[in-house]
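Quick mapping for you: the protein sequence lines, in order, are chains U and P.
What the first sequence shows, in our numbering, is residues 1 to 119, in sequence order.
What the second sequence shows, in our numbering, is residues 1001 to 1112, in sequence order.
Glycine included, each C-beta is placed from N, C-alpha and C at the ideal position.
Quick caveat: nothing in here was measured; it's all calculated off a predicted structure.
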Amino acid sequence: EAGVAQSPRYKIIEKRQSVAFWCNPISGHATLYWYQQILGQGPKLLIQFQNNGVVDDSQLPKDRFSAERLKGVDSTLKIQPAKLEDSAVYLCASRSQGATWRPHTDTQYFGPGTRLTVL
Amino acid sequence: KQEVTQIPAALSVPEGENLVLNCSFTDSAIYNLQWFRQDPGKGLTSLLLIQSSQREQTSGRLNASLDKSSGRSTLYIAASQPGDSATYLCAVTSTGANNLFFGTGTRLTVIP
């Protein structure tokens, strides 16, 4: 099966500009996650969707970040305006979580990420 | 709040050596613990998943252990190879949440 797709792979912008990232999860996966990974750190959850509804966005800086998952399939993450500290890799992941979630065994599948550099 | 720590931050070993990576977590109420591998420019690949009721999992040259009561896990890599060079991340799924809490990773370099 095809993996999680993300685009673009790399993006360089100046501070105060806007940027958008796109993610297409594995077909049929109901749960979609966006993570931010700053250099030298582990990924940190930004937002989690279940189908097209938000489950957890407590770590999303809502004054500048927004995300949507229309139709419960692909998703976009937007930053407007960008700051220097937003330089990071943005990872998208998906998980099946069908009718029954199996928390002990279900795993997430990650895309290759988008590396954002803010100058 | 769950916090995950990995030691060491970086490790360099000669080819063929056995090695151990360490992970600790503060809240023992977890569903599972996973070890991921991250290569430059690529996403994360799940290596091993240990359920909270399990003590260890093995896959090829990899063996991961879990001591939930003490909040510790180790990843043992036998007979290391240059192709094992990557960053290894430990992550837990806390009870009541269905997202991952990651450690900061260990960057492994295996020298030919």
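What are the boundary residues of the beta strand (DSSP E) that includes T1005 of chain P? 1004-1007
With H, G and I counted as helix, E and B as strand and the rest as coil, what does DSSP make of E85 of chain U? helix
Pair within 8 Å by beta-carbon distance, L1048 of chain P and Q1054 of chain P: no
Can R72 of chain U and V4 of chain U be called in contact, C-beta distance under 8 Å? For the sequence presented, residue 72 of chain U should be read as Gly rather than Arg. No, Cβ-Cβ distance for G72 of chain U and V4 of chain U is not below 8 Å.
Below 8 Å on the Cβ atoms is my contact criterion, and I expect R95 of chain U with H29 of chain U to pass it. Report the Cβ-Cβ distance as a whole number of Å. 6 Å
Beta strand (DSSP E) containing F1017 of chain P: first to last residue? First, the residue type needs correcting, since residue 1017 of chain P is Glu and not Phe in the sequence shown. E1017 of chain P -> no beta strand (DSSP E), and no H or E assigned at all.
Neighbourhood of W22 of chain U by C-beta distance below 6 Å, restricted to the same chain and skipping five residues each side: S7, T76
6 Å Cβ shell around Y1076 of chain P - same chain, five flanking residues per side excluded: V1020, N1063
Nearest-angstrom Cα separation, counted from T1109 of chain P out to D1084 of chain P: 8 Å
Say whether chain P places a C-beta atom closer than 8 Å to the C-beta of G42 of chain U. yes
Taking CB distances under 8 Å as the criterion, tell me whether S1059 of chain P reaches chain U. no
Apart from the five residues just before and just after I20 of chain U, which ones in its own chain have a Cβ nearer than 6 Å to its Cβ? Here residue 20 of chain U turns out to be Ala, not Ile, going by the sequence shown. Same-chain partners within the cutoff: T76, K78.
So, for I13 of chain U: in the same chain, excluding its five sequence neighbours on each side, which residues have a beta-carbon less than 8 Å away from its beta-carbon? V19, A82, L116, T117, V118, L119
Alpha-carbon to alpha-carbon, T31 of chain U and F49 of chain U: 6 Å
Selected residue, minimal CA-CA separation from D1067 of chain P, among P:I1007, P:E1017, P:I1030: Of the residues P:I1007, P:E1017, P:I1030, the one whose Cα lies closest to the Cα of D1067 of chain P is P:I1030.
Beta bridge counterpart(s) of Y1031 of chain P as assigned by DSSP: Answer is none; Y1031 of chain P lacks a bridge partner.
For V54 of chain U, count neighbouring C-beta atoms within 10 Å of its own C-beta (all shown protein chains included) and say buried if the count is 16 or more, exposed if not. Here V54 of chain U is exposed. Its C-beta has fewer than 16 other C-beta atoms within 10 Å.
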